[in-house]
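Below is one structure; the comments refer to it alone.
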Amino acid sequence: MAQKTPMLLIPGPITLPERVLKAMAKPIINHRGEEFHSLYDKVEEGLKHVFQTENNVYIISGSGTSGVDMVFQNFVYEGEKVLIPDFGDFTERAVENALKIGAEPVTVKAEWGSLPSLREITSVVEEEDVKSVFILHNETSTGVTFRMMEELRNAVRGKDILVFADTVSSLGVEPFYTDKWGVDVCVTCSQKGLGGPPGLSFTSVSERALEKGLNNPRRRSFYLDIEKIHRFHLKKETPFTPAIPLIYGIAEALEILREEGYDERMRRHRENAEMIYGFLESEGVEIFPREKEHRSISIIVFKNKGFDAPKTIKKLYDEYGILIARGMGRLRDETTRIGNVGYEGKKEIEYFLKSFKTVLNSTR
1 MAQKTPMLLI PGPITLPERV LKAMAKPIIN HRGEEFHSLY DKVEEGLKHV FQTENNVYII
61 SGSGTSGVDM VFQNFVYEGE KVLIPDFGDF TERAVENALK IGAEPVTVKA EWGSLPSLRE
121 ITSVVEEEDV KSVFILHNET STGVTFRMME ELRNAVRGKD ILVFADTVSS LGVEPFYTDK
181 WGVDVCVTCS QKGLGGPPGL SFTSVSERAL EKGLNNPRRR SFYLDIEKIH RFHLKKETPF
241 TPAIPLIYGI AEALEILREE GYDERMRRHR ENAEMIYGFL ESEGVEIFPR EKEHRSISII
301 VFKNKGFDAP KTIKKLYDEY GILIARGMGR LRDETTRIGN VGYEGKKEIE YFLKSFKTVL
361 NSTR
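So for the sequence shown, our numbering puts the first residue at 1; every next one is plus one.
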């Protein structure tokens, strides 16, 4: 029998706890007043902890895509080269982003389900006059995670190259050390690993990236203009009316994360992923990423072989109230995805796997 509240095991959004839902029902306040300034400050401090940074963290009312747009609109100049390792649907979007602002994307391609090697990436840095590197930390479409951030930073150290990271589907799920790894601009969103409602994005920006953005002669976006965003940030405000209920929601979600503990949150997600991967392997299901060391903790992707995927997804939801996701982009009909980005613990994952096994056996 289906649960009353669906268990969303998709790549986001997630099933929200009552505390977050209640926080979003608070009365609306003046977004130019002291109450909002305190709320903004609380959220930024919580975000700095998750980003592991002392940089400014900007709050944007918009999905994670708006945060990525902000990167290209401000910190990449027209005509300059940006290196983009290309290994999935979202890295292809980054290439499109670069082209739209008149930059020159230099790609290092890898087959979907794998990653380019560090040597392949750094050789391009040596051969091409790139001014920035854009890394998709976790590719939601393929279930692959780029875990060479520190090595990449060391490879470009001393060069006038900014490092950007899209952690939309990984921050809050596995450790990411923005300052330690020398990441100049890091983007994430509210509705995945941070445990909040959908509709907000957050961007950590280093001083040197900020300087480059402020000096960009062709900042094309009105809404995502870093000069406006930074100027209002100094007042603990946003340039335009923010989504106040969502900010209340993320404030509560960050408080829950603080109470759980950063390391404990990482451990819980890691153990969840180990349980899910172990189950899939025991059932003879083929994992999509080719190398185990590149497997994502947050998004588990597997091939639709030996079972009816659409029927399985529908039956799992109709009978047990658990929702998992179809593949994405060109992998829509080839893969299925499980999101491990919410509040679920061992008990919930065990219930999911027991239910999933029953459904799998009936659709094979």
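Glycine is no exception: its CB is placed at the ideal position from the N, C-alpha and C atoms.
These figures come from a predicted structure and were not determined experimentally.
Asked, Found
"Limits of the unbroken beta strand (DSSP E) element including I59", "N56 to S61"
"Status (buried if at least 16 other CB within 10 Å, exposed otherwise) for I244", "buried"
"Nearest-angstrom Cβ-Cβ length linking V82 and V106, presumed shorter than 8 Å", "7 Å"
"Where the alpha helix (DSSP H) through L194 begins and ends", "Run containing L194: none; DSSP gives neither H nor E here."
"Three-pair Cβ contact test at 8 Å for the region 269-287 versus the region 65-72", "no"
"Own chain partners of G182 with C-beta closer than 7 Å, once the 5 adjacent residues on each side are dropped", "R153 and V163"
"DSSP three-state assignment for M7, whether helix, strand or coil", "strand"
"E264, DSSP secondary structure in three states", "helix"
"Buried versus exposed, by CB contacts within 10 Å (16 or more), A110", "buried"
"Whole-angstrom C-beta distance between H230 and L210, which should lie under 8 Å", "7 Å"
"Classification of I28 by the beta-carbon crowding that lies within 10 angstroms, buried from 16 upward", "exposed"
"C189 versus G213, V341 and K346, residue with shortest Cα-Cα distance", "V341"
"Pairwise C-alpha distance: I256 and F356", "29 Å"
"Distance between F288 and T312 (C-alpha atoms, nearest Å)", "18 Å"
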